[in-house]
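2 protein chains.
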Amino acid sequence: MKDTIPTITTGPLPASTKVYLPGEIHDIRVPMRQIAVSNEDPLSVYDSSGPYSDPQAAIDIAKGLGDLRGNWLAERGDVEAYDGRAVTPADNGFAEGARLTPEFPVRRQPLRAVGDRAVTQLAYARAGIITPEMEFVAIRENEGRMAAHARDGEAFGAELPDLVTPEFVRREIAEGRAIIPANINHRELEPMIIGRNFLVKINANIGNSAVTSSMEEEVEKMVWAIRWGADTVMDLSTGRNIHNIRDWIIRNAPVPIGTVPLYQALEKVNGIAEDLTWEIYRDTLIEQAEQGVDYFTIHAGVRLHMIPMTAKRVTGIVSRGGSIMAKWCLHHHRESFLYEHFDEICDICRRYDVSFSLGDGLRPGSIADANDEAQFAELRTLGELTKIAWAKECQVMIEGPGHVPMHKIKANMDEQLKHCHEAPFYTLGPLTTDIAPGYDHITSAIGAAMIGWFGTAMLCYVTPKEHLGLPDRDDVKTGVITYKLAAHAADLAKGHPGAQRRDDALSRARFEFRWEDQFNLGLDPDTARAMHDETMPKEAHKVAHFCSMCGPKFCSMRISHDIRAEAEKREGMAKMAEKFREGGALYIPAEKAEPAE
Amino acid sequence: MKDTIPTITTGPLPASTKVYLPGEIHDIRVPMRQIAVSNEDPLSVYDSSGPYSDPQAAIDIAKGLGDLRGNWLAERGDVEAYDGRAVTPADNGFAEGARLTPEFPVRRQPLRAVGDRAVTQLAYARAGIITPEMEFVAIRENEGRMAAHARDGEAFGAELPDLVTPEFVRREIAEGRAIIPANINHRELEPMIIGRNFLVKINANIGNSAVTSSMEEEVEKMVWAIRWGADTVMDLSTGRNIHNIRDWIIRNAPVPIGTVPLYQALEKVNGIAEDLTWEIYRDTLIEQAEQGVDYFTIHAGVRLHMIPMTAKRVTGIVSRGGSIMAKWCLHHHRESFLYEHFDEICDICRRYDVSFSLGDGLRPGSIADANDEAQFAELRTLGELTKIAWAKECQVMIEGPGHVPMHKIKANMDEQLKHCHEAPFYTLGPLTTDIAPGYDHITSAIGAAMIGWFGTAMLCYVTPKEHLGLPDRDDVKTGVITYKLAAHAADLAKGHPGAQRRDDALSRARFEFRWEDQFNLGLDPDTARAMHDETMPKEAHKVAHFCSMCGPKFCSMRISHDIRAEAEKREGMAKMAEKFREGGALYIPAEKAEPAE
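Chains as they are written, first to last, in the UniProt record's numbering: chain A, 1 to 597; chain B, 1 to 597.
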């Protein structure tokens, strides 16, 4: 261990307290974050940050998080512990000696389904069983609300109940409209749900750097991303030590971890795509399933006849997985082993409850290539594969683009709903223009907010470094916050029954010049406070009834208060409005002043 | 002058050359920026940066920019020079001695219309006259294109011709659908057009700081904003020296300058809204019109009977101008002097061709208040005022919100088109959520891109400091770039015939690993380059056929090239596709693989 490694970030966010809500059906504790607000009740919000933000929790990454799900799994009585696959030097890219990341210190036998049982949340849901995972996410989705908040919105067919019940969760999962990515070997997981009838979620990608990576560094990347709101984390590491680092990450992860197993398989054949085989790939799936990976990106939709469809594209194939498989298919001139062995992949996934994230290997990499023949041909194949996976009782979500101009975004959602039978959609952005390298978190947040509104269940973040380089800590935070605000904008527009609570609380704080509350209720209190202090650093200014933008004389909010006070003083606002409606010659009749909505 | 004052930023952007295109009707030189691209023709793009980016131009802010429009005005023969209003100490907030910003050194008599002539672009357009201003913007809008680029898009009723002609410009202005803000006293102006059948424009706000402001500092703020793409600049200064500083800005501004005259009028009555009078306001309008302000924000739509409609709002009245007028109206219990004297305001504007930007004094300041009774009541009044201004041959645009969740954005555009008779819409954002202070450039870019797509002609930028503090130089740049990308995303989605050229050029560069071209074709070459160099600083990497994100082994773009090369080598891509379509048992028939579009 080096001296320069980061420590793990712990402790609550400003003005925040971790609370746990109990289940009614199961013995569960569902984490929630309460933000203290002066003059108001605290605001409960969704909390993806795990035990790291709980001052009561003892954090030791060499021990990992607590075994939250062990009893739940044991009570179901359909899993067995077994020795598991032996870790091979190839799993860590033949790293040796000082270059080998140490194994995670605590060894636990992996679990698998007994016999050919399906131990997936989908199987339980279809059987009418409400699992602890289902009740957990039901409570979590309500964010401590007891009732719906005032809402409007256009949900495009999504059904957003006033309160999410465990039975609603069960039904959504049974019908394939939602998934709870929850590998039975990820017992540290705080379950979350992905589906268009729930809060829009976001994913953050992390990955080791080619130069140097300690396990602390990799765990901290995950902790940092979930602290700011990442609901799931994909570990896209390549190169050496990926097996051991993945263990460290999963053992310390309260959120679902996704991977692209193809990346590791390719490492095992020294990066030569043509040398990939089903056997190596299959072995990698089992390796990762035993570790507890919650969802696999699998590019089984890239079929041989689609590859020529990409020849005239401006940017060809931009998905790494897609291009690897395309190269393999062309070289061997046959369908990919992912497609041919899809049945067997399902058999592995149902045994551990690894969810499918069916990869869009032919997604467009530029505005020019959006919504083209190749993209939609693959999407229809993903729909066919969804049915096969569902027949095997596996959970499925579908990955989507990419680069799409605004007017073509809705078609992506519509086609996905139609051809993929309402399986949850999980999109990267999409970026709405190609001309702003360095700002692609923003070009893509525009597309992400829109497609989230239209029905996408999870948004994969994009950082400012997209297309340019590896994101650092600040980039990851910027990406996560940007996607949290996009997801929230989508929730608002869909008419989510609880979404506007936070906007309203912050706006009330704004109107009443409660600066501390404004900072604390925002997605990034530290940045908001720092920006405020740049202009008005004095503590006294935090209670000032004006801000730096207008100064005391011109402050419109202050004038609004004066207006309200004056009106109330004089005769009460209601009477005053009445009087104005009766009006003199100067006033237009009230009928003409009706709102247009 | 202090040693710490910034110098004026001059010189071209990376790989860029300033070119000037001649007119066919008039003797004009229309500036354009050509970006050199390796292996391709240079890309011509719209250039708002003025002479500052032209290495041939001699810049001396004490002399101001050249008298571009002097001859045009003289040739029309309908204006006269006169002595103009005497500057009073109140105009500069009674600043004296060392605290008084020096007068702009070059004094020129102001111009005004002869008699009661209207010297507005609208008046000329209606009379069938194509002015130099009109031909200038027609050439400018085409960005050096000779033909339409491949396009699709959903324009929501906007009409986007393959090439903009001077006659098309004239017609759009005559019908009130577009304006060229061009005060006859702003002779340094490079004309630009605002209308939904043209490229979407952006505005940046600047303003003096309360503490200290030199004229160089204020001029540099404007130069910096237009360098990155601001199409107009609003000077929202308050306090001391605003008259003199405004002179310095306008004399050095190649873009239209907008103001809110009410702010200065309020200064003249020591910030006591109740003490405002029509006479003081009227005098301020003339003062600013003589200086050359191109458009005035005028909150004449705030009517007395609407004020109680804001009483139950979460955030009351958030427009400074709106709250000042509301306070005045309540205090005097009468309609505002802006509303009552609107006819006379029109008479001033037509005399100098100051365009109206009818202010939305009751715009919502929170998600909760979006699209409410007060907002839409005012909008309808703005529509009535538009007709009055048009009858006086004045140019008009309409300001819009504010804070609006995504599902309520379209209604804003639809109502505006309907009630304001297709006068151009000019919106602030809108912000699509209230929960991200510190990131409101992004919450608002989402709304701005969408409303720009729906038909808004100009987007007023929001910086990261919105709601928190005064934007610094970096914030201004971030705000401008963010809004440029939002405006461009809107142009793409509308199906603008030239918009996709730049995306495609950048995407080709990306696919061919031409790193320098990628940086140069982007909106912010410096930031893109710096981000790339953080991970891969070596010069050799700028020609590397991979990037830091995947590294050489996994690079999907490189694999795409391999695929393409391999396919071409074997038998030609076309034949290969043919063969695949004929297919064996593994292949699905081509009919089933048609794109869904």
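Just so you know, even glycine gets a beta-carbon here, dropped at the ideal spot from N, CA and C.
Go ahead and label Asn183(A) buried or exposed: buried means 16 or more other beta carbons lie within 10 angstroms of its beta carbon, across all protein chains shown. Residue environment: Asn183(A) is assigned as buried (16 or more neighbouring CB atoms within 10 Å of its CB, all protein chains considered).
In its own chain, which residues sit with a C-beta less than 6 Å from the C-beta of Phe454(A), not counting the 5 before and 5 after it? For Phe454(A), where only same-chain residues beyond five positions count, the Cβ hits under 6 Å are Phe156, Lys410, Met413.
Just checking my contact of Tyr483(B) with Ala448(B) at CB under 8 Å: how many whole Å lie between their CB atoms? Right, the Cβ-Cβ distance comes to about 6 Å (below 8 Å), so this counts as a contact.
Interface flag, Ser560(B) vs chain A, CB-CB below 7 Å: A Cβ of chain A is located within less than 7 Å of the beta carbon of Ser560(B).
Cross-strand partners of Tyr461(A) (DSSP beta bridge): Tyr461(A) pairs with nothing; no bridge assigned.
Under 7 Å, do Gly50(B) and Ile245(B) count as touching if we go by C-beta distance? Contact: no.
Cβ of Met406(A) less than 7 Å from any chain C Cβ? Structure shown: chain C not included; protein chains present are A and B.
Ordered along the chain, which non-local residues of its own chain (more than five positions away) have a Cβ less than 6 Å from that of Pro181(B)? Pro256, Asp294, Tyr295, Ser355.
In the region 414-444 of chain B, which residues sit with their C-beta less than 7 Å from some C-beta in chain A, listed in chain order? Flagged, chain order: Glu415, Thr432, Thr433, Asp434, Ile435, Ala436, Pro437, Gly438, Tyr439, Ile442, Thr443.
Nearest-angstrom Cα distance between Glu175(B) and Gln395(B)? Per the coordinates, the alpha-carbon of Glu175(B) lies some 10 Å from the alpha-carbon of Gln395(B).
On the criterion of 16 or more Cβ atoms from any shown chain inside 10 Å, does Val106(B) qualify as buried, or is it exposed? Under this definition Val106(B) is an exposed residue.
Cβ closer than 7 Å: which chain B residues qualify as neighbours of residue 607(A)? The structure shown does not extend to residue 607(A), since chain A is modelled only from 1 through 597, so no value can be given for it.
Answer yes or no: does any C-beta atom of chain A fall closer than 7 Å to that of His243(B)? No, no contact with chain A.
How about the region 254-270 of chain A and the region 306-314 of chain A: do they share at least three Cβ pairs that are nearer than 8 Å? Result no; under three Cβ-Cβ pairs closer than 8 Å.
Below 9 Å between beta carbons is the criterion; list the residues of the region 310-338 of chain B that meet it against any residue of chain A, in chain order. Within the region 310-338 of chain B, the residues whose Cβ lies closer than 9 Å to some Cβ of chain A are Thr310, Ala311, Lys312, Arg313, Val314, Thr315, Gly316, Ile317, Val318, Ser319, Arg320, Gly321, Gly322, Ser323, Ile324, Ala326, Lys327, Leu330, His331, Arg334, Glu335, listed in chain order.
Looking at the structure shown, is Leu65(A) part of a helix, part of a strand, or coil, going by DSSP? Correct three-state label for Leu65(A): coil.
Can you find at least 3 beta carbon pairs, one from the region 515-525 of chain B and one from the region 11-28 of chain B, that sit closer than 8 Å? Judged by Cβ distances under 8 Å, the region 515-525 of chain B makes contact with the region 11-28 of chain B, as three or more pairs qualify.
Nearest-angstrom beta carbon gap, Gly359(A) and His299(A) [assumed within contact, 8 Å]: Between His299(A) and Gly359(A) the beta-carbon gap is near 4 Å, inside 8 Å, which marks them as a contact.
State the beta-bridge partners of Asn203(B) as determined by DSSP. Answer by DSSP bridge pairing, in chain order: Thr232(B), Cys460(B).
Mapping DSSP to helix, strand and coil, what is Thr17(A)? Strand.
Which value, in whole angstroms, describes the spacing of the CA atoms of Thr7(A) and His532(A)? The alpha-carbon atoms of Thr7(A) and His532(A) are separated by roughly 28 Å.
Per-residue burial, Thr277(A) [other beta carbons within 10 Å of its own, 16 or more giving buried]: So Thr277(A) counts as exposed.
Option nearest Ile348(B) by Cα separation, candidates Lys418(B), Asn371(B), Thr120(B): Nearest of Lys418(B), Asn371(B), Thr120(B) to Ile348(B), Cα basis: Thr120(B).
Tell me which residues of the region 492-507 of chain B have at least one Cβ-Cβ distance to chain A shorter than 7 Å, keeping chain order. From the region 492-507 of chain B, only Leu492, Ala493, Gln500, Arg502, Asp503, Asp504, Leu506, Ser507 have a Cβ closer than 7 Å to chain A.
Restricting to runs no shorter than 4 residues, where is the alpha helix (DSSP H) found entirely within the region 393-439 of chain A? Complete alpha helix (DSSP H) runs here, min 4: 409-419.
Neighbour list for Phe511(B) in chain A, Cβ cutoff strictly below 7 Å: Ordered by position in chain A, the residues that pass the 7 Å Cβ test against Phe511(B) are Val314, Thr315, Gly316.
Can you find the residues in the same chain that come closer than 6 Å, C-beta to C-beta, to Pro12(A), ignoring five residues on each side of it along the sequence? So the qualifying residues of the chain are Ser53.
What did DSSP end up calling Gly70(A) once you bin it into helix, strand or coil? Looking at Gly70(A) - three-state DSSP - the assignment turns out to be helix.
Among Gly301(B), Ile61(B), Pro110(B), nearest to His419(B) - alpha-carbon criterion: When each option's Cα is compared against that of His419(B), the closest is Gly301(B).
Which residue from Gly23(A), Ala204(A), Ser319(A), Thr432(A) puts its Cα closest to that of Ala499(B)? For Ala499(B), the nearest C-alpha among the options comes from Thr432(A).
Coarse secondary structure for Glu159(B), derived from DSSP in three states: Glu159(B) falls in the coil class under three-state DSSP.
Cutoff 6 Å; reference Ile193(A); Cβ partners in own chain excluding five residues on either side: Only Val137, Ala178, Ile180 meet the Cβ criterion.
Residue range of the alpha helix (DSSP H) that Pro132(B) falls in? Where Pro132(B) is concerned, the enclosing alpha helix (DSSP H) stretches over 132-141.
Below 8 Å, can you find three or more Cβ-Cβ pairs linking the region 19-31 of chain A to the region 221-237 of chain A? Touching, no, given that fewer than three Cβ pairs across the two stretches are closer than 8 Å.
Would you kindly check if the distance between the Cβ of Asn252(A) and the Cβ of Val219(A) is under 7 Å? Taking 7 Å as the cut-off, the beta carbon of Val219(A) is found closer than this to the beta carbon of Asn252(A).
In chain B, which residues lie with their C-beta within 7 Å of the C-beta of Glu154(A)? Neighbours of Glu154(A) on chain B, chain order: His407.
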